[in-house]
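Here is the structure we will look at, set down as C-alpha cells.
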Amino acid sequence: MKKEIHPEYKPVVFYDTSSEFKFMTKSTMTSGETIEWEDGNTYPLIKVEVSSASHPFYTGKKLFVDTAGRVEKFNKRYKK
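Here is the structure:
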C-alpha cells in the first residue's frame, strides 16, 4: 500500500440531533467541533439527523423528519 494516502481512522462521537443520543465509534470523518466524552478525553463531534435511536425502523414509531424544508424545496422545484 502507498503511504500517506489513507485518511486517519480515529475515534469520533456521533450526536443524533433529533433524539439527543450520542455514541462513540471509529471513523475517517473529521469535524471542527469537539466534545468531552465520559472517559475524560476530547473527541471530534459529528452531528447527524437520524441514527438507530431515532429511525422509525428501529424505534417502531412513525416519525416524519423534514429537515431544512426538503419537501417544500421539492414541491417548489417540480410544481407545475
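The opening position of the sequence shown corresponds to residue 13 in this note's numbering, with each subsequent residue numbered one higher. Cβ coordinates follow ideal geometry from the N, Cα and C atoms, glycine included.
Residue nearest to residue i in terms of C-alpha spacing, selected from the options
| i | options | result |
| --- | --- | --- |
| residue 40 | 27, 23 and 51 | 23 |
| residue 20 | 42, 14, 32 and 34 | 42 |
| residue 62 | 31, 17, 38 and 15 | 31 |
Cβ shell of residue i (< 7 Å), same chain only, five flanking positions each side left out
| i | result |
| --- | --- |
| residue 55 | 23, 24, 25, 36, 46, 47 and 49 |
| residue 57 | 25, 27, 43, 45, 46 and 47 |
| residue 59 | 27 and 29 |
| residue 82 | none |
Neighbourhood of residue i by C-beta distance below 8 Å, restricted to the same chain and skipping five residues each side
| i | result |
| --- | --- |
| residue 34 | 25, 26, 27, 28 and 47 |
| residue 106 | This structure cannot speak to residue 106, because the chain is shown only from 13 to 92. |
Host alpha helix (DSSP H) of residue i (start-end)
| i | result |
| --- | --- |
| residue 21 | Counting along the chain, residue 21 falls outside any alpha helix (DSSP H), and DSSP gives it neither H nor E. |
| residue 48 | Per DSSP, residue 48 belongs to no alpha helix (DSSP H); it is in the beta strand (DSSP E), 46-48. |
Range of the contiguous beta strand (DSSP E) that encloses residue i
| i | result |
| --- | --- |
| residue 60 | 54-60 |
| residue 38 | 33-39 |
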